[in-house]
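So in UniProt numbering, the last one in the sequence shown is 645, and the numbering has no gaps at all.
For each residue, glycine too, the CB sits at the ideal point set by N, CA and C.
Shown next, in structure tokens, is the structure this report addresses.
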Amino acid sequence: AVTASLTSLLQDKDDLERAGGRASRYVTEDADGTRRRREIEIDELEIQKGLLQISKALEFLHENAGLIHGNLTPDAILVNAKSDWKISGLAFCGPADGSTKPTSFQPISLHEVLNPDPRLPRSVQINLDYTSPDFVMDSNLTTSADMFSLGVLCVALYNSPHRSPIETSASISSYKRTFSSSATAPSVNNNFLSSRPLPRELAHQVLPRLITRRPAQRMTAKEFQNSEFFDNVLVSTIRFLDSFPAKTPNEKAQFMRGLNKVLPSFPKSVMEKKLLPALLEELKDRDLVSLILQNVFKIIELLPSGRRAFGDKVRTQLKDLFVTNVKNAQDKDPARDAGLMVVLENLTAITNNCGGKEFKDGKPDVTFSPVAATENMLPIIGTALESPTPSVIDAALRSLPVVLPVLDFSTIKNELFPVIATIFSRTNSLAIKVRGLQAFVILCGGSNDPAADDGLDGLNEGKKKKKTSSSSALDKYTMQEKIVPLIKVIKTKEPAVMIAALNVLRVVGQVADADFVAMELLPILWSMSLGPLLDLKQFQSFMELIRSLSKRVEEEQTKKLQELSGSTNGAVAGPNDDFMSFGGVTGTQFDATTNGGGEDDFESLVKGKPSSSAPNPMDSWGEGSGPGSNVTSPGMKPSAPAPSA
């Protein structure tokens, strides 16, 4: 899409320079009616890149078509959204004198075009301020005339204000007076009438061979492209990229490896509008995917508008490359795996430039990414997890600490966790087994960083529980009913796997119910702790956790029982005491209390006196026994008295 003409850019740049600004900003209206601001920066590299593109267009006109443009001015140059400069305004285009190239263009009538018609707007008439003396003074139609106009255009780009050093007011006589004297004609002696200093290579090597009276002394378009003005690494990089399809595979790979080093030297606008689209276009070369993506993520990192660039351009390409166009993720594909590794290594950059909704659903944040999208990034993680290459799976599992913060609980539980659980249960690789257990720790809200868990005693419960209660952690049910059963069926006794499982159980033990800890976790821990391959330190790690969890179970169970039974001092018999009351046996000493077995009752009986107190048949033990009474436990036969000495 065309953003503006070079004339409007230069005019706006003049206004901003007078106001002390730098970048040119345009409010453009998209096809859907939305309006947004675009930045166009016309810096040194943009000028060099643009002039190089214009010279290539002139080379085509002169060498291939045999035509003269005839009116090369800033009005005839359009700038698109990629900051590419394009030639337009071919109304005065025609064949050169003596051209044998077949063409449908009619020769230019210099007599007609050089005499302006006041009835017509100046925009549709030839601009004498950029016209070559070949037309005005010699009446010759030569391709060198365009090169003269190109030289004047170069001066206008550096002049202040940005206009031609030749000012004729559309008067041929004024034009001729300008070139009648060396003092008024632009030359190297008067800095080509520029109010600002010109680049050294341009002023001393290029312009003297463009703005010159004799056409034979002027450069051709091809020579202009090879001039010293373009002899720098940034311009050479752009030129190499423009001719990229013609390079050999070895040259392409070497270029991509070196590009990363020079990217910081490029203007931000060139990186976003020129380099980034060109690199994404080359992703079709699968052998270069990993090298290209390294440069793509470097650009995203360097761009202040990286979030917008990622959402508008990069995310779609990644989805197509690793998800949409993948027929079978289980097939080995070294090029794809290498690209996936680069993506996984740069997940931090992706999450920084892609919100949670974009990451999962591809629905962009309108603040940063106004273009509607349906692509999402989460399936790329799924592709990596399903890869047949262990190193890719390992990298995907290690990326969880970066991915989880941008995902919601439902996505983690229902989409991400089942995939990881399947990998863990099916893999035969001990390394992936360990990495899967480490992933479980992260999913449960824990950390695999030793510094995060200073001790193995579980005493820092407040901090740990706070960690496991985050929105990105799995819920208690999933931990107890999904993760613990997976650990329970682990068959290997390798210490690395056992210690990794210990770390998972430590995190689960912080949130699991006390009865679950007692009935499920502790038996697993005891079984693992007796593994024959564990050393002393590893065994002690298990014992520390077992003691910690056992203490927690004891404390919670004690508290529960105290709450149920209430506060007791042991002076009053409880329900369990009544349960042990069986009563006496009639006619024996065990029935003494209930059948007048006391001495006072017997005396009253034989003397015929009434008893002082009636026995309570409901009393099992008798409440009248004093300190000296012989109290015998029910159901137990008393021993015979010891013989007196």
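From the DSSP output, which residues share a beta bridge with residue i?
i: Ser149; result: Paired residues: none, contrary to the question.
i: Val95; result: For the record, residue 95 in the displayed sequence is Pro; it is not Val. According to DSSP, which records beta bridges pairwise, Pro95 is partnered with Leu67.
i: Asn80; result: Val2
Hey, could you find the ends of the beta strand (DSSP E) residue i is sitting in?
i: Lys86; result: 85-87
What whole-angstrom Cβ distance do residue i and residue j have, given they're in contact under 8 angstroms?
i: Ile420; j: Leu385; result: 7 angstroms
i: Leu303; j: Leu263; result: Their Cβ separation, rounded to whole angstroms, is 10 angstroms, which puts Leu303 and Leu263 out of contact at 8 angstroms.
i: Ala221; j: Arg286; result: Incorrect: roughly 36 angstroms between the Cβ atoms, too far for contact.
i: Asp129; j: Leu58; result: With 8 angstroms as the limit, Asp129 and Leu58 do not qualify as a contact, their Cβ atoms being about 19 angstroms apart.
i: Met256; j: Asn295; result: 6 angstroms
i: Val403; j: Thr351; result: 7 angstroms
i: Pro199; j: Phe240; result: Pro199 to Phe240, Cβ: 22 angstroms. No contact.
i: Leu534; j: Pro495; result: 6 angstroms
i: Gln125; j: Asp117; result: 7 angstroms
i: Ile432; j: Ile442; result: Not really, about 15 angstroms apart at Cβ, beyond 8 angstroms.
i: Leu407; j: Leu416; result: 7 angstroms
i: Ser83; j: Val270; result: 7 angstroms
Thinking just about the alpha-carbon of each residue, which of the options is nearest to the one in residue i?
i: Arg552; options: Leu522, Gln205, Ser269; result: Leu522
i: residue 646; options: Leu153, Glu415, Gln53, Pro249; result: Lying outside 1 to 645, the shown extent of the chain, residue 646 is not represented and no answer is given.
i: Leu288; options: Ser410, Asn127, Gln254, Phe310; result: Gln254
i: Leu207; options: Ala500, Arg426, Ala156; result: Ala156
i: Thr504; options: Glu167, Pro133, Ile381, Ile524; result: Thr is not the amino acid found at residue 504; the sequence shown has Val there. Nearest of Glu167, Pro133, Ile381, Ile524 to Val504, Cα basis: Ile524.
i: Thr492; options: Ala514, Thr427, Ala439, Glu520; result: Thr427
i: Asp337; options: Asp394, Arg177, Phe440, Arg307; result: Asp394
i: Leu502; options: Gln205, Thr411, Gly446; result: Gly446
i: Val105; options: Gly66, Thr131, Val484; result: Note on residue identity: the sequence assigns Phe, not Val, to residue 105. For the residues Gly66, Thr131, Val484, the minimum Cα distance to Phe105 belongs to Gly66.
i: Leu45; options: Glu223, Lys268, Ser527; result: Lys268
i: Phe516; options: Pro118, Lys247, Phe92, Met479; result: Met479
i: Ser194; options: Gly151, Lys101, Ser236; result: Gly151
i: Val511; options: Ile546, Cys444, Cys93; result: Cys444
i: Glu223; options: Leu10, Gln205, Arg435; result: Gln205
i: Ser187; options: Lys82, Ser171, Ile211, Trp526; result: Ile211
i: Ile47; options: Thr237, Leu6, Cys354; result: Leu6
i: Val497; options: Ser529, Glu520, Tyr477; result: Ser529
i: Arg214; options: Phe310, Ser55, Phe135; result: Phe135
i: Ser425; options: Arg122, Val484, Gly258, Met543; result: Val484
i: Leu16; options: His162, Thr103, Ala91; result: His162
i: Ala81; options: Asn260, Ser236, Leu276, Ser429; result: Leu276
i: Ser164; options: Phe192, Leu9, Leu283; result: Phe192
i: Glu272; options: Ile300, Pro532, Glu281, Ile292; result: Ile300
i: residue 648; options: Leu90, Ser429, Thr324, Phe297; result: Here the chain comprises residues numbered 1 to 645, so residue 648 is not present and cannot be evaluated.
i: Ser182; options: Glu563, Arg196, Ile166; result: Ile166
Between which two residues does the alpha helix (DSSP H) containing residue i stretch?
i: Asp337; result: 334-345
i: Thr212; result: No alpha helix (DSSP H) holds Thr212; DSSP gives it neither H nor E.
i: Pro485; result: 484-488
i: Gln294; result: 289-302
i: Met256; result: 249-262
i: Ile126; result: From DSSP, Ile126 is part of no alpha helix (DSSP H); its letter is neither H nor E.
i: Lys315; result: Looking at the sequence shown, residue 315 is not Lys but Arg. Taken as a continuous stretch (DSSP letters only), the alpha helix (DSSP H) holding Arg315 covers 315-319.
i: Val233; result: 233-242
i: Asp412; result: In the sequence on display, residue 412 carries Ile and not Asp. Counting along the chain, Ile412 falls outside any alpha helix (DSSP H), and DSSP gives it neither H nor E.
i: Phe105; result: No alpha helix (DSSP H) holds Phe105; DSSP gives it neither H nor E.
i: Leu474; result: Looking at the DSSP string, Leu474 is not in any alpha helix (DSSP H), and its letter there is neither H nor E.
i: Ile381; result: 378-385
i: Leu275; result: No alpha helix (DSSP H) contains Leu275, which DSSP labels as neither H nor E.
i: Pro401; result: 400-403
i: Thr178; result: 172-178
i: Leu52; result: 44-59
i: Phe440; result: 430-443
i: Val136; result: 133-136
i: Phe224; result: 221-225
i: Ile113; result: It is Val, not Ile, that sits at residue 113 in the sequence shown. It spans 110-113 - the alpha helix (DSSP H) in which Val113 sits, taken as one unbroken run.
i: Ala309; result: 306-309
Review point. Which parts of the stretch 491-578 are runs of the alpha helix (DSSP H), unbroken and 4 residues or longer, counting only runs that do not cross its ends?
Key: 495-511, 522-529, 536-565
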